[in-house]
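Participant: Protein chains in written order, with the numbering used here: chain E, 1 to 286; chain B, 1001 to 1212.
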Ligand code: SF4
Ligand code: SF4
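(1) Suppose contacts are defined by Cβ-Cβ distances below 8 Å. Is residue 130 (chain E) in contact with residue 148 (chain E) by that definition?
(2) Using only CA atoms, which one of E:132, E:150, E:284 lies nearest to residue 142 (chain E)?
(3) Does the structure place the segment 266-277 of chain E close enough to the segment 1057-1077 of chain B that three or more beta carbon pairs sit under 8 Å?
(4) Does residue 82 (chain E) have its Cβ less than 8 Å from a Cβ in chain B?
(5) Report the residue ranges of all beta strand (DSSP E) runs contained in full by the segment 144-202 of chain E; include only those spanning at least 3 residues, in chain order.
(6) Are the Cβ atoms of residue 288 (chain E) and residue 102 (chain E) separated by less than 8 Å?
(7) Pairing CB atoms from the segment 8-16 of chain E with CB atoms from the segment 34-43 of chain E, are three or more of them under 8 Å?
(8) At which residues does the alpha helix (DSSP H) containing residue 1107 (chain B) begin and terminate?
(9) For a contact meaning CB atoms closer than 7 Å, what does residue 104 (chain E) contact in chain B?
(10) Quick one: is the Cβ of residue 1154 (chain B) within less than 7 Å of any heavy atom of ligand 2?
(11) Say whether chain E places a C-beta atom closer than 8 Å to the C-beta of residue 1192 (chain B).
(12) Just mark residue 29 (chain E) as buried or exposed, buried being the case when its beta carbon has 16 or more other beta carbons within 10 Å.
(13) May I ask you to verify whether the segment 187-198 of chain E touches the segment 149-162 of chain E, counting CB pairs closer than 8 Å and requiring at least 3?
(14) Find the residues of chain B that neighbour residue 107 (chain E), judging by a C-beta separation of less than 7 Å, and give them in chain order.
(15) Given residue 267 (chain E), which residues of its chain have a CB within under 7 Å of its CB, disregarding the five upstream and five downstream residues?
(16) List, in order along the chain, the chain B residues whose C-beta lies closer than 8 Å to that of residue 185 (chain E)?
(17) Say the cut is 7 Å; is the CB of residue 51 (chain E) nearer than that to a heavy atom of ligand 2?
(18) Suppose contacts are defined by Cβ-Cβ distances below 8 Å. Is residue 1108 (chain B) in contact with residue 1092 (chain B) by that definition?
(19) Could you list the residues in the segment 135-163 of chain E with a C-beta less than 8 Å from some C-beta on chain B, going in chain order?
(20) State the start and end residues of the unbroken beta strand (DSSP E) segment that holds residue 45 (chain E).
(21) Taking 7 Å as the cut-off, is the C-beta of residue 1131 (chain B) nearer than that to any heavy atom in ligand 1?
(22) Alpha carbon to alpha carbon, how far is residue 187 (chain E) from residue 1162 (chain B)?
(23) Taking the alpha helix (DSSP H) that residue 128 (chain E) belongs to, which residues open and close that run?
(24) Label residue 1211 (chain B) either buried or exposed according to how many other C-beta atoms from any shown protein chain fall within 10 Å of its C-beta, with 16 as the threshold for buried.
(25) For my contact list, residue 1084 (chain B) and residue 1057 (chain B) are in at a C-beta cut-off of 8 Å; report their separation, rounded to the angstrom.
(26) Please confirm whether residue 1086 (chain B) and residue 1022 (chain B) have their CB atoms less than 8 Å apart.
(27) If we define contact as Cβ-Cβ less than 8 Å, is residue 125 (chain E) a contact residue for chain B?
(28) According to DSSP, is residue 71 (chain E) part of a helix, a strand, or is it coil?
(29) For a minimum of 3 consecutive residues, which ranges assigned as the beta strand (DSSP E) are wholly contained in the segment 220-282 of chain E?
(30) Hey, would you say the C-beta of residue 1158 (chain B) is under 7 Å away from at least one heavy atom of ligand 2?
(31) Under 8 Å between beta-carbons, which chain B residues line up against residue 304 (chain E)? List them in chain order, please.
(32) Check each candidate in B:1134, B:1106, B:1179, B:1090 and name the one with the smallest Cα separation from residue 1002 (chain B).
(33) Is residue 228 (chain E) near ligand 2, with its Cβ less than 7 Å from a heavy atom?
(34) On the CB-based measure, 16 or more other CB atoms within 10 Å of its CB, does residue 23 (chain E) come out buried or exposed?
(35) Any idea what DSSP makes of residue 63 (chain E), helix, strand or coil?
(36) Kindly indicate if chain B contains any beta-carbon less than 8 Å away from that of residue 172 (chain E).
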């Protein structure tokens, strides 16, 4: 089933993130993808995430596509100007990649090429609109296209952000610009999630709530303290005292999904290189 | 105002190895306010260079070294400047080039790095609030520039990564969009309004203005 079709069903949607390798060895990534075949509805392939240079999302999406897996190509605004972005959107379409997740992208100063030129020629709202413009058969210069693409567009939102009103205004703006689905930042906190769901329940798009696999208490502490992600102390305690922190993290992720399941349209799992454990998480979901 | 900072002394000295007859030029405008190229800095550099055995022929703080007319009138006619072999310039890049266009056969050693167009909070405390995009939109963003003050130049709203009101990219900076949001709170359409893609051709380099 294509992701567009999946979005139209009532099914509980599961997507997960895959990280391209730093280098050309695709074997580990493809093995992980294979383990997830039939278990998830969409494979997000990140675009030089954390501004760390890696193999490109487009190439991997194309390979997944050929293997009968449904890729969601992540596209950041960080590195390419409008010419390159439009061109890559057309390239994706030509390779049969329809699903694009558009995001601003982490700043180069946070990555491993800190001296790179910072681009951000378009912002995510503008890039969504640009993709929709290409669908109408013209480009940003107003020039006619010989063959136009068709996309299923996604965007991101942070339900845990401090200014929820501002995030909600962004959601509306992104929907207006063409977003059909949202994948969110990781959510660990029930109350904030409920507030977010309540405020977004009438919107005509699907929200796939971010679920993060915490592999140990150090990661959890880092996310809480450095990234300001609201992780309940109880989880950190469980991870710190567990005989196998990873197993505990898997349990926590499964609990989070089980608790969300009745309320949300789907989840987006971020396992940060531990994608092989996603089936275990899903097996534990009640 | 143009914000500059002085290059490391070693780097300046390296360029001046074995030179005789050095002349130092400062700037009475921006570089004085920045305390990078005023009378005091010209003196200080002169002392340092003498300590390193370099012969300083003279110095001059030009009113506005970025003005070719001023360079022609005040610097080009100066005897010592004419005799000098190398000129050390405590000016911004615009100043260096105004001087190089007039004193074509002198060796010029820029001693400052030119950083940005700055807003002065107090002396020694400068902010980049405008990055000269040539297509100003801040009438619609509460007078706060997202092109410059948002690390990602997002003109349609925040990335969602701000933490305690600070930017996810650099926690020393306020998130521009939270600042804008606070200013526009009463005016919700302000946040929701779509901002069009910017015309970057407005700042294709090198720019020129010729009104007469
Ligand atoms: S939008 Fe910002 S960068 Fe552009 S001219 Fe206005 S203040 Fe300067
Ligand atoms: S945190 Fe705010 S200022 Fe920083 S990049 Fe995001 S939107 Fe821009």
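Ideal Cβ positions, reconstructed from N, Cα and C, are used throughout, including at glycine. All figures in this text were calculated on a predicted structure; none of them were measured in a lab.
Facilitator: In short:
(1) Their beta carbons are not under 8 Å apart, which means residue 130 (chain E) does not touch residue 148 (chain E) by this criterion.
(2) For residue 142 (chain E), the closest alpha carbon among the candidates E:132, E:150, E:284 is that of E:132.
(3) Judged by Cβ distances under 8 Å, the segment 1057-1077 of chain B makes no contact with the segment 266-277 of chain E, as fewer than three pairs qualify.
(4) Contacts with chain B at 8 Å (Cβ-Cβ) include residue 82 (chain E).
(5) 152-157, 181-186, all fully within the segment 144-202 of chain E.
(6) Not covered by the structure: residue 288 (chain E). The range shown for chain E is 1 to 286.
(7) Contact holds: three or more Cβ-Cβ distances are below 8 Å.
(8) For residue 1107 (chain B), there is no enclosing alpha helix (DSSP H); the enclosing beta strand (DSSP E) has its first and last residue at 1107-1110.
(9) Simply 1152, 1154, 1159.
(10) Yes.
(11) Answer yes: the Cβ-Cβ gap between residue 1192 (chain B) and chain E drops below 8 Å somewhere.
(12) By the neighbour-count rule (16 or more Cβ atoms within 10 Å), residue 29 (chain E) is buried.
(13) Between the segment 187-198 of chain E and the segment 149-162 of chain E, the count of Cβ pairs shorter than 8 Å is three or higher; the stretches touch.
(14) Residues of chain B passing the Cβ test: 1151, 1152, 1169.
(15) 14, 208, 209, 211, 257, 260, listed in sequence order.
(16) Near residue 185 (chain E) (Cβ distances below 8 Å), the residues of chain B are 1160.
(17) In this structure, ligand 2 has no non-hydrogen atom nearer than 7 Å to the beta-carbon of residue 51 (chain E).
(18) Not in contact: residue 1108 (chain B) and residue 1092 (chain B) (Cβ atoms no closer than 8 Å).
(19) So the close ones are 140, 156, 157, 158, 161, 162, 163.
(20) First-last of the beta strand (DSSP E) with residue 45 (chain E): 42-45.
(21) Yes; taking the cut-off as 7 Å, the Cβ of residue 1131 (chain B) has a heavy atom of ligand 1 nearer than that.
(22) Between the C-alpha atoms of residue 187 (chain E) and residue 1162 (chain B) there is a straight-line separation of about 16 Å.
(23) Per DSSP, the continuous alpha helix (DSSP H) segment holding residue 128 (chain E) begins and ends at 124-135.
(24) Classified as exposed, residue 1211 (chain B) has fewer than 16 neighbouring CB atoms from the shown chains inside 10 Å of its CB.
(25) Right, their Cβ atoms sit about 5 Å apart.
(26) Yes, they are a contact pair.
(27) Output row for residue 125 (chain E): interface = yes.
(28) In this structure, residue 71 (chain E) counts as strand in the three-state DSSP scheme.
(29) Correct list: 266-270.
(30) Yes.
(31) Lying outside 1 to 286, the shown extent of chain E, residue 304 (chain E) is not represented and no answer is given.
(32) Ranking B:1134, B:1106, B:1179, B:1090 by Cα distance to residue 1002 (chain B) puts B:1090 first.
(33) For ligand 2, not one heavy atom lies less than 7 Å from the Cβ of residue 228 (chain E).
(34) It is exposed - the Cβ of residue 23 (chain E) has fewer than 16 other Cβ atoms within 10 Å.
(35) Residue state for residue 63 (chain E) is assigned as helix, using DSSP reduced to three classes.
(36) Cβ-Cβ to chain B under 8 Å: yes for residue 172 (chain E).
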